[in-house]
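K.L.:
Once you know that position 157 of the sequence shown is 157 in the UniProt record's numbering, the rest is easy, because the numbers rise by one and skip nothing.
Idealized CB from N, CA, C, for every residue including glycine.
The structure displayed is predicted, hence computed values, not measured ones.
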Amino acid sequence: MTISRVTVLGATGSIGTSTLDVLGRHPDRYRVHALTAHRSREALLAQCRRHHPAVAVLDAEEDAAWLRGQLAEAGLATEVLAGSQALVEVAEAPEVDCVMAAIVGAAGLLPTLAAVKAGKRVLLANKETLVTSGALFMEAVARHGATLLPIDSEHNAIYQCLPVEHRGGLGRHGVRQLLLTASGGPFRGWSREALAEVTPNQACAHPNWSMGRKISVDSATLMNKGLELIEACWLFDARPEQIQVVVHPQSVIHSMAAYSDGSVIAQLGNPDMRTPIAYGLAWPERIDAGVEALDLFQVARLDFEPADEAAFPCLRLAREAMAAGGTAPAVLNAANEVAVEAFLAGRLGFTEIGELVARVRDARPVVPAKDLETILEADVLARRAAHAWLVRQ
Ligand code: NAD
Ligand code: MG
Numbered sequence: 001m002t003i004s005r006v007t008v009l010g011a012t013g014s015i016g017t018s019t020l021d022v023l024g025r026h027p028d029r030y031r032v033h034a035l036t037a038h039r040s041r042e043a044l045l046a047q048c049r050r051h052h053p054a055v056a057v058l059d060a061e062e063d064a065a066w067l068r069g070q071l072a073e074a075g076l077a078t079e080v081l082a083g084s085q086a087l088v089e090v091a092e093a094p095e096v097d098c099v100m101a102a103i104v105g106a107a108g109l110l111p112t113l114a115a116v117k118a119g120k121r122v123l124l125a126n127k128e129t130l131v132t133s134g135a136l137f138m139e140a141v142a143r144h145g146a147t148l149l150p151i152d153s154e155h156n157a158i159y160q161c162l163p164v165e166h167r168g169g170l171g172r173h174g175v176r177q178l179l180l181t182a183s184g185g186p187f188r189g190w191s192r193e194a195l196a197e198v199t200p201n202q203a204c205a206h207p208n209w210s211m212g213r214k215i216s217v218d219s220a221t222l223m224n225k226g227l228e229l230i231e232a233c234w235l236f237d238a239r240p241e242q243i244q245v246v247v248h249p250q251s252v253i254h255s256m257a258a259y260s261d262g263s264v265i266a267q268l269g270n271p272d273m274r275t276p277i278a279y280g281l282a283w284p285e286r287i288d289a290g291v292e293a294l295d296l297f298q299v300a301r302l303d304f305e306p307a308d309e310a311a312f313p314c315l316r317l318a319r320e321a322m323a324a325g326g327t328a329p330a331v332l333n334a335a336n337e338v339a340v341e342a343f344l345a346g347r348l349g350f351t352e353i354g355e356l357v358a359r360v361r362d363a364r365p366v367v368p369a370k371d372l373e374t375i376l377e378a379d380v381l382a383r384r385a386a387h388a389w390l391v392r393q
């Protein structure tokens, strides 16, 4: 069997550690080329000891120097680099076959794009890449012959429910609608008044999934589902109105495709990100992911309800941003990142997240997203507008 060499961007995060768990089960198939982290140097050191990557990357030179010292003491030959250019290098390195894009936020954009331009197999967990630069990104995938496999569980599910060749519009393949499932988050059924009092720890305690803090808050506001709607439009060539959000509190069905003949195909499984990760790594084959078999008798029932967009306006804001096009989704994403950070720091109330996003949206013009510079500028200016509003509070 040929060995596939993998770079894990964002190795110390929730998706990163799940990826290493799956890779560690298949030493005959995979080698780790590079592992990257932002600041978590201790966690990265432990991963280097276990997986022996050729390269490790941290953001700050000071942390990199510390890691170099520790690795030398342990007698490990891993090369340690620092800074954002190093992320690009380990994503496009000629010896790499596959890149897991699991950095959180807009910081993941450039290294992920570099992996695409180098024609790699790209396992896309970072949703901000598609949300901010979907058109450019999908164009680059086609132009450079990269293999793009969605890791976000809903998109991975839809990918599994669609024909192998699904580009060129859903209608061409007899798909009527994509049904994007949502757990509803920890506050499903709550009123807007009750939501105003929510604390960061409450928001981060997701009923079904264990995830990083940013995406946990996004799940609680339903912005995550909004970002996923935008993601699905780009991945599957769908229009926003072809995607229906279905609240399904058990998180057993991970999403569905509805066909014109009345068939609905769903992908089911325990809520464990190692399933989509293993799917992406091994596609078109299947490998053990360490995930327990789904026990349908234990699940017993599957419930479905519409999303409450009055209590959770972020979903609507995202749909509107996708319909507006151009830089609107990048502005939405940037404002949301600032708002979530402020909420986690105790500077913004839970229901003010959507309010801040709406204010920034109203303050920023929408322009065509013609190149990366335009998108990055829209991102910076939206962040600035969001910070300015926060300071005034
Ligand atoms: P996380 O916060 O647990 O981990 C983020 C990783 O990125 C860490 O390794 C961190 O060191 C690194 N990182 C953070 N900021 C960085 C920066 N500025 N520069 C370089 N590296 C940086 O996040 P996560 O939950 O693993 O999510 C990762 C991505 O996957 C997100 O975009 C998220 O939306 C997406 N995603 C996550 C899940 C999930 O179940 N956790 C599911 C679907 C999609
Ligand atoms: Mg998801």
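For residue 19, which three-state DSSP category applies?
P.N.:
Stepping through the sequence shown from its first residue, residue 19 is reached at position 19. In the structure shown, residue 19 sits in a helix (DSSP, three-state: H, G or I).
K.L.:
Quick one: does the C-beta of residue 59 sit closer than 7 Å to a heavy atom of the ligand NAD?
P.N.:
Against the sequence shown, residue 59 aligns to sequence position 59. Because some heavy atom of the ligand NAD lies under 7 Å away, the Cβ of residue 59 counts as near it: yes.
K.L.:
Which one or two residues does DSSP pair with residue 228 in a beta bridge?
P.N.:
Mapped onto the sequence shown, residue 228 falls at position 228. DSSP lists no partner for residue 228.
K.L.:
Is it true that the CB of residue 361 sits closer than 8 Å to the CB of residue 317?
P.N.:
Counted from its first residue, the sequence shown places residue 317 at position 317. Counted from its first residue, the sequence shown places residue 361 at position 361. Result yes, Cβ atoms of residue 317 and residue 361 sit closer than 8 Å.
K.L.:
In three-state DSSP terms, what is residue 9?
P.N.:
Numbered from 1 along the sequence shown, position 9 holds the residue referred to as residue 9. If DSSP states are grouped into helix, strand and coil, residue 9 belongs with the strands.
K.L.:
Taking 8 Å as the cut-off, decide whether the C-beta atoms of residue 211 and residue 14 are in contact.
P.N.:
Residue 211 sits at position 211 when you count from the first residue of the sequence shown. Residue 14 sits at position 14 when you count from the first residue of the sequence shown. Result yes, Cβ atoms of residue 211 and residue 14 sit closer than 8 Å.
K.L.:
Need the endpoints of the beta strand (DSSP E) that residue 258 sits in, please.
P.N.:
On the sequence shown, position 258 is the one that residue 258 refers to. Here the beta strand (DSSP E) through residue 258 covers 253 to 259.
K.L.:
To the nearest whole angstrom, what separates the beta carbons of residue 104 and residue 214, a pair I think is in contact under 8 Å?
P.N.:
As a working note, residue 104 is residue 104 in the sequence shown. As a working note, residue 214 is residue 214 in the sequence shown. 5 Å between Cβ atoms; contact.
K.L.:
To test your reading of the DSSP string, which unbroken alpha helix (DSSP H) runs of 4 or more residues are found completely within the stretch 184 to 233?
P.N.:
The qualifying runs are 192 to 195, 200 to 204, 213 to 221.
K.L.:
Helix or strand or just coil, what does DSSP make of residue 144?
P.N.:
Taking the sequence shown and counting its residues from 1, the one referred to as residue 144 is at position 144. In this structure, residue 144 counts as helix in the three-state DSSP scheme.
K.L.:
Based on the DSSP output, what are the partners of residue 129 in its beta bridges?
P.N.:
Residue 129 sits at position 129 when you count from the first residue of the sequence shown. DSSP output for residue 129 lists no bridge partner at all.
K.L.:
Under the criterion of a Cβ to heavy atom distance below 7 Å, does residue 38 qualify as lining the ligand NAD?
P.N.:
Start at 1 with the first residue of the sequence shown, and residue 38 comes out as number 38. Checking the Cβ of residue 38 against the ligand NAD gives yes.
K.L.:
At a threshold of 7 Å, does residue 455 count as lining the ligand MG (C-beta to nearest heavy atom)?
P.N.:
This structure leaves residue 455 out entirely; the chain is present only between 1 and 393.
K.L.:
Let me check you understand the geometry: is the CB of residue 154 closer than 7 Å to at least one non-hydrogen atom of the ligand MG?
P.N.:
Position 154 of the sequence shown, counted from the start, is the residue given in the question as residue 154. Under cutoff, so the answer is yes.
K.L.:
Check whether the stretch 32 to 42 touches the stretch 52 to 65, taking contact to mean three or more Cβ pairs, one atom from each stretch, closer than 8 Å.
P.N.:
Touching, per the Cβ criterion.
K.L.:
Report the CB separation of residue 240 from residue 301 in whole angstroms; it is logged as a contact under 8 Å.
P.N.:
One-based indexing of the sequence shown puts residue 240 at position 240. One-based indexing of the sequence shown puts residue 301 at position 301. Between residue 301 and residue 240 the Cβ distance is about 30 Å, and since that is not below 8 Å, they are no contact.
K.L.:
Taking 8 Å as the threshold (C-beta atoms), are residue 339 and residue 332 in contact?
P.N.:
Numbered from 1 along the sequence shown, position 332 holds the residue referred to as residue 332. Numbered from 1 along the sequence shown, position 339 holds the residue referred to as residue 339. Cβ distance not < 8 Å, so residue 332 and residue 339 don't count as in contact.
K.L.:
Say the cut is 7 Å; is the CB of residue 251 nearer than that to a heavy atom of the ligand NAD?
P.N.:
Here residue 251 refers to the residue found at position 251 of the sequence shown. Incorrect: residue 251 has no Cβ contact closer than 7 Å to the ligand NAD.
K.L.:
The alpha helix (DSSP H) that contains residue 385, what's its start and end?
P.N.:
Residue numbering aside, residue 385 sits at position 385 when the sequence shown is read from its first letter. Its alpha helix (DSSP H) spans residues 372 to 392.
K.L.:
With DSSP as the reference, label residue 50 as helix, strand or coil.
P.N.:
Looking up residue 50 in the sequence shown gives position 50. The answer is helix: DSSP assigns residue 50 an H, G or I state.
K.L.:
Any heavy atom of the ligand NAD within a distance shorter than 7 Å of the CB on residue 6?
P.N.:
To locate residue 6, count along the sequence shown from 1; it is residue 6. No.
K.L.:
Quick check: the Cα distance between residue 322 and residue 363, rounded to an integer number of angstroms?
P.N.:
By one-based count along the sequence shown, residue 322 stands at place 322. By one-based count along the sequence shown, residue 363 stands at place 363. One C-alpha to the other measures close to 17 Å.
K.L.:
Whole-angstrom Cβ separation of residue 20 and residue 48, contact assumed at under 8 Å?
P.N.:
The residue given as residue 20 occupies position 20 in the sequence shown. The residue given as residue 48 occupies position 48 in the sequence shown. That belief does not hold up - the Cβ atoms of residue 20 and residue 48 are roughly 11 Å apart, past 8 Å.
K.L.:
Taking the beta carbon of residue 100 as the centre, do at least 16 other beta carbons fall within 10 Å, making it buried, or is it exposed?
P.N.:
Against the sequence shown, residue 100 aligns to sequence position 100. Burial call: buried.
K.L.:
Could you give the first and the last residue of the continuous alpha helix (DSSP H) run that contains residue 26?
P.N.:
The residue labelled residue 26 in the question sits at position 26 within the sequence shown. Taken as a continuous stretch (DSSP letters only), residue 26 belongs to no alpha helix (DSSP H), as it is neither H nor E.
K.L.:
Going by C-alpha to C-alpha distance, which of 203, 384, 180 sits closest to residue 187?
P.N.:
As a first step, residue 187 must be located in the sequence shown, where it is residue number 187. Taking only the C-alpha atoms, the option nearest residue 187 is 203.
K.L.:
Does the distance from the CB of residue 110 to the CB of residue 84 come in under 8 Å?
P.N.:
Position 110 of the sequence shown holds residue 110. Position 84 of the sequence shown holds residue 84. Result yes, Cβ atoms of residue 110 and residue 84 sit closer than 8 Å.
K.L.:
In this structure, does DSSP put residue 36 in helix, strand or coil?
P.N.:
Here residue 36 refers to the residue found at position 36 of the sequence shown. It is a strand residue.
K.L.:
Within the continuous beta strand (DSSP E) that includes residue 266, where are the two ends?
P.N.:
Numbered from its first residue, the sequence shown carries residue 266 at position 266. Where residue 266 is concerned, the enclosing beta strand (DSSP E) stretches over 264 to 268.
K.L.:
Terminal residues of the continuous alpha helix (DSSP H) containing residue 122?
P.N.:
Numbered from 1 along the sequence shown, position 122 holds the residue referred to as residue 122. Not the alpha helix (DSSP H): residue 122 falls in the beta strand (DSSP E), residues 121 to 124.
K.L.:
Taking 8 Å as the CB-CB cut-off, is residue 373 touching chain D?
P.N.:
Of the chains in the structure shown, none is chain D; there is only one protein chain.
K.L.:
Just the C-alpha distance for residue 115 and residue 141, rounded to the nearest angstrom, thanks.
P.N.:
Position 115 of the sequence shown holds residue 115. Position 141 of the sequence shown holds residue 141. Approximately 10 Å, taken between the alpha carbons.
K.L.:
Under 7 Å from any heavy atom of the ligand NAD, does the C-beta of residue 102 make it?
P.N.:
Indexing the sequence shown from 1 puts residue 102 at position 102. Yes; taking the cut-off as 7 Å, the Cβ of residue 102 has a heavy atom of the ligand NAD nearer than that.
K.L.:
So does residue 228 have its beta carbon nearer than 7 Å to some heavy atom of the ligand MG?
P.N.:
As a working note, residue 228 is residue 228 in the sequence shown. Residue 228: yes, Cβ under 7 Å from the ligand MG.
K.L.:
Out of curiosity, what's the CA-to-CA distance linking residue 10 and residue 229?
P.N.:
Here the question's residue 10 lines up with position 10 in the sequence shown. Here the question's residue 229 lines up with position 229 in the sequence shown. The straight-line gap from Cα to Cα measures roughly 23 Å.
K.L.:
Check the C-beta distance from residue 25 over to residue 3 and give it rounded, since I have them as a contact under 8 Å.
P.N.:
Here residue 25 corresponds to residue number 25 of the sequence shown, with the count starting at 1. Here residue 3 corresponds to residue number 3 of the sequence shown, with the count starting at 1. Actually they do not touch by this definition, with Cβ atoms about 15 Å apart.
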